[in-house]
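Working notes, beginning with the structure itself.
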Amino acid sequence: MRGWIPAVLGLALAACAGGGTAAETAQRAAPSATTTLEIFALSDFHGWLFPRTTRSNPRYFGGIANIAGFLTHRDGAELGRALILDNGDMWTGPVESTLLQGEPVVTAYNALGVSAANVANHEFDFGVETLRTRAAQARFPFLGANVVEKNTGAAPDYLTPFVVLDRNGVRVGVIGLCFVDTPATTKASNVEGLEFRPYAETLKTVVPKVRTAGAEVLVVLLHDTPVAAGAVVEALPADLRPDLVVAGQDHRRAQLQVAGTPVVNPGAFGASYARFEVSFDLARREVLGVSSEIIEVTGPVEAPTHPPVETLADIARDARRRTETLASEPLGDLGAPAPVGDFAQSTMGNLIVDAWLEAFPEEADLAIVNHGGIRQDLPAGPVTLGDITGVMPFENNIYLLELTGAEVMSQLAIDHPVVGGMTWTYRENATGREVIEARDRDGNLLVRETTYRVAVLDFMYTGGDGYEFAKLDNEPIDTGLSWREPVMRALRAAASEGRALVPDVARRAQEVSLGATSSE
């Protein structure tokens, strides 16, 4: 293993050189008594056990067996002894992980030798009981220092605030901080009774405990963006600052230096990981410095850059085999690609909300889905249940609400809505997004005082992504229908007529200049 290399050569040479007293020899030797500690970190893996590939690019990106191959052959890490960490959002994603509710990811992490994992918002997607089951399955601790039970202030039984790991005589403290906005980014009922406390406030309480427990190197897994994580580091007194921070959440690779602390987002989907080198003085028992790099896990599909580890490949294949029968159920065909795009023009989003309106022709005039819930593009061609599960991995139902035109427009100003049954224009200004106007499918302006029937996700109704629907209609209709079901019905209906389903590619939100005004 390339890490954990004690710098003993200087000691040996000093001892052999002769001359001087023992104290002088020790004094000369002490400065070279250092070790280099390697720490590896993933974030936002999202269940990507298999590598991501495209038809137009003969390269692979990620895949659990390839990650293991890079760690083993590129970095010289010994799986089971290397210090490998995960910063959360481990399993909601492709069908193999989603249908099996994260079980194969934890199995793979056990085999990879993950030392500790932070818990983030998507760990709660299948409910607390599933999270508790996954924690019991793991051979490594699930961390979450800022997650407590509201009634008691105690940590939930499936989480621990921190862990101290011993590697070659150096004690490494690892603290986990769950995404503070988890209640707004997972189904509200899944986190009922839990409080997610501020990051800096939590660290001011926990870091002294970790130091008391003997930690000499301090690592913080903070599931938020590098900018947010950097602000936390700056807010801490110098003596409480960690030696390194692993960030995440926004899926963007980034490396920052904040007050001397590296803050690194490794990137998403296992397509890359972070590698830190910690230089540690064994004589003075202190960190001398930390460097970081982001390693992209990629290579030619036909000739992997580093040989994949077969034990991990077997775990991925077993997960696929177990989900194959259900996931391979054919639903129909798409007549054109359906990219996720952005909220203003999301062909995949259009397909979803249009299917909702088709499923509720008398009950819904408009439909709104959050862009962040749509996780993958779909190519043209055959579509299976597994494909739809990968695109729409979250367990949510459709709610029907009654809202005025003014209330609908107020919600369009929040987050990134994809709409059905209407189009709208907006402008961004210093205070946020201003909705200029919205029109129904016939081109008529939405009337501010008129009531419209609107389909949304239960996730959005309960405050997910900051939406405020619960304040606007306190008697929603829970249809009991999964948000995936109308999409599957639309595909099956088209197939029964011997045709492919062609999604609407139209742009449904248009940004306008600052001078534009409503034509209402």
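Just so it is clear: in the sequence shown, position 57 is 57 by our numbering, and no numbers are missing. Just so you know, even glycine gets a beta-carbon here, dropped at the ideal spot from N, CA and C.
Own chain residues within Cβ distance below 6 Å of residue i, not counting five before or after
{"i": "H306", "result": "G69, F70, H73 and R74"}
{"i": "V232", "result": "Y199 and A200"}
{"i": "H416", "result": "F343 and H371"}
{"i": "G47", "result": "W91, G93, P94, S97 and V105"}
Whole-Å CB distance - residue i paired with residue j, under 8 Å assumed
{"i": "T325", "j": "T98", "result": "Between T98 and T325 the Cβ distance is about 15 Å, and since that is not below 8 Å, they are no contact."}
{"i": "L403", "j": "V447", "result": "Contact flag wrong, Cβ pair sits at about 12 Å."}
{"i": "I315", "j": "A77", "result": "In fact, because the Cβ distance is near 18 Å, the residues do not count as touching under 8 Å."}
{"i": "R241", "j": "A259", "result": "6 Å"}
{"i": "V174", "j": "L221", "result": "7 Å"}
{"i": "L37", "j": "F280", "result": "6 Å"}
{"i": "I436", "j": "V512", "result": "6 Å"}
{"i": "F179", "j": "H223", "result": "5 Å"}
{"i": "L49", "j": "V105", "result": "7 Å"}
{"i": "P357", "j": "G405", "result": "Checking the sequence, you will find Leu at residue 357 rather than Pro. No, L357 and G405 are not in contact; Cβ-Cβ is about 17 Å, not under 8 Å."}
{"i": "V95", "j": "G373", "result": "In fact, because the Cβ distance is near 16 Å, the residues do not count as touching under 8 Å."}
Exposed unless 16 or more other CB atoms sit within 10 angstroms - verdict on residue i
{"i": "R508", "result": "buried"}
{"i": "T152", "result": "exposed"}
{"i": "Q249", "result": "buried"}
{"i": "A359", "result": "buried"}
{"i": "P503", "result": "buried"}
{"i": "N66", "result": "buried"}
{"i": "S496", "result": "exposed"}
{"i": "N57", "result": "exposed"}
{"i": "N205", "result": "Before going on, a small fix: residue 205 reads as Thr here, not Asn. T205 should be labelled exposed."}
{"i": "N381", "result": "Residue 381 is actually Gly in this sequence, not Asn. Result: exposed."}
{"i": "Q101", "result": "buried"}
Counterpart residues of residue i in DSSP-defined beta bridges
{"i": "Q411", "result": "Beta-bridge pairing links Q411 to no other residue."}
{"i": "D354", "result": "Bridge partners of D354: none, in fact."}
{"i": "G294", "result": "It is worth fixing the name first, because residue 294 is Ile in this sequence and not Gly. In the DSSP output, where bridge partners are listed per residue, I294 has A274."}
{"i": "Y528", "result": "A query on residue 528 cannot be resolved here, the shown segment of the chain reaching from 1 to 520 and no further."}
{"i": "S279", "result": "T36 and G289"}
{"i": "Q345", "result": "D342"}
{"i": "L256", "result": "V263"}
{"i": "R433", "result": "E428"}
{"i": "Y550", "result": "Outside the modelled stretch of the chain, which goes from 1 to 520, sits residue 550, for which no answer is possible."}
{"i": "Q376", "result": "For Q376, which the question treats as bridged, DSSP gives no partner whatsoever."}
{"i": "M422", "result": "D440"}
{"i": "R171", "result": "D166"}
Straight-line gap, residue i to residue j (C-alpha atoms, nearest Å)
{"i": "L282", "j": "S272", "result": "31 Å"}
{"i": "S346", "j": "P339", "result": "7 Å"}
{"i": "A33", "j": "G169", "result": "13 Å"}
{"i": "G176", "j": "A135", "result": "14 Å"}
{"i": "D89", "j": "H122", "result": "5 Å"}
{"i": "V418", "j": "D125", "result": "21 Å"}
{"i": "G80", "j": "Y109", "result": "10 Å"}
{"i": "T53", "j": "N474", "result": "45 Å"}
{"i": "I84", "j": "A116", "result": "7 Å"}
{"i": "V302", "j": "E310", "result": "Looking at the sequence provided, one finds Glu at residue 302 rather than Val. Looking at the two C-alpha atoms, the distance is approximately 16 Å."}
{"i": "I352", "j": "E485", "result": "10 Å"}
{"i": "K150", "j": "G193", "result": "6 Å"}
{"i": "L159", "j": "T202", "result": "15 Å"}
{"i": "A319", "j": "T107", "result": "10 Å"}
{"i": "Q376", "j": "T225", "result": "21 Å"}
{"i": "G466", "j": "L472", "result": "13 Å"}
{"i": "F276", "j": "H251", "result": "19 Å"}
Spatial neighbours of residue i in its chain, beta-carbon cut-off 7 Å, leaving aside the 5 residues before and after
{"i": "V408", "result": "L366, A438, L446, Y452 and V454"}
{"i": "R285", "result": "E216"}
{"i": "R492", "result": "L331 and G332"}
{"i": "A470", "result": "Y461, T462 and G463"}
{"i": "G62", "result": "W48, P51, R52, F269, G270, A271 and V297"}
Neighbourhood of residue i by C-beta, 8 Å cutoff - its chain only, sequence neighbours within 5 removed
{"i": "D157", "result": "R132"}
{"i": "P208", "result": "L240"}
{"i": "D243", "result": "V217, L218, V219, T261, V278, V287 and V290"}
{"i": "V505", "result": "A336, Q345, T347 and N350"}
{"i": "V164", "result": "R171, V172, G173, V174, V210, A213, G214 and A215"}
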